[in-house]
Amino acid sequence: MIAYHVYKISGLPKSHIIGTGTSVDSARLKNFIGDLLNVDPRSVQGYSMGEHGDSQMVPWSHVTVGGKSFYEILRDNKDRVGEVDLDRLVLETARAGWEVYNRKGTTYYGIATATVGIIKAIINDENRIMPVSTLLEGEYGAHDVFCGVPAVLNADGVKEVVEIHMTNEELDKFKKSIELIKEYIKKIN
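Under UniProt numbering, the residue at position 61 of the sequence shown is numbered 61, and the numbers go up by one with no gaps.
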């Protein structure tokens, strides 16, 4: 929501307005999956998308660990991991910030780490794909809304939004998250 308002009042191009979006949530998700499977979170690829909040979603059809589909890993390792409630994992990811805040009194280390990653990708012209909040103008069927999506970051800011092909159920969850963001924006205006 803040990125949207900065965009509207700043006059800067959309590529230069970047929010942290779901970058911290995505890092937490990777940590949860890494803990579940006892692997380094850097081996996990996947994103939380949409709102940085309870309506965020994870396109599980695109989550991989070491190049293997997370769905396949769960199926092939039921004896080791048991039944995994994916909706609960998303909720725990969304609420993890509150857990950190309640224990430490702050969450600024996580957001600082995400911000440094974004800044480094821009300064070093990395063309790095990261989940950030950026303006959607038709991507995923959404218009005039900033939300967390994977995007290519380089010296120009957001070079492009990476549109992954989600299942219909995933896309529905994503669209619900976008609608919630738009409702919040209306309340502020």
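C-beta: ideal position from N, C-alpha, C; glycine also.
When DSSP states are grouped into helix, strand and coil, residue 144 belongs to the strand group.
Bounds of any alpha helix (DSSP H) do not take in residue 43, whose DSSP letter is neither H nor E. CA-CA distance, residue 167 to residue 59, rounds to 8 Å. If you draw a straight line from the Cα of residue 34 to the Cα of residue 52, it comes to about 21 Å.
Under DSSP, residue 154 shares a beta bridge with 157. Inclusion of residue 47 and residue 26 in the CB contact set at 8 Å is warranted, their separation being smaller than that value. Beta-bridge pairing by DSSP links residue 169 to no other residue. Under the criterion of beta carbons closer than 8 Å, residue 24 and residue 114 qualify as touching, at roughly 5 Å. When the beta-carbon positions are compared, residue 110 and residue 15 stay at least 8 Å from each other. Exposure of residue 10 is indicated by the presence of fewer than 16 other C-beta atoms within 10 angstroms of its C-beta. Taking C-beta separations shorter than 7 Å and ignoring five residues to either side along the sequence, the partners of residue 89 in its chain run 32, following chain order. Only buried fits residue 28, as 16 or more other CB atoms lie within 10 angstroms of its CB.
Rounded to the nearest angstrom, the gap between the Cα atoms of residue 118 and residue 153 is 8 Å. Within its own chain, the residues whose Cβ lies closer than 6 Å to the Cβ of residue 63, once the five positions on either side in sequence are excluded, are 46, 70, listed in chain order. When 164, 159, 145, 173 are compared, the shortest CA-CA separation from residue 6 is found for 145.
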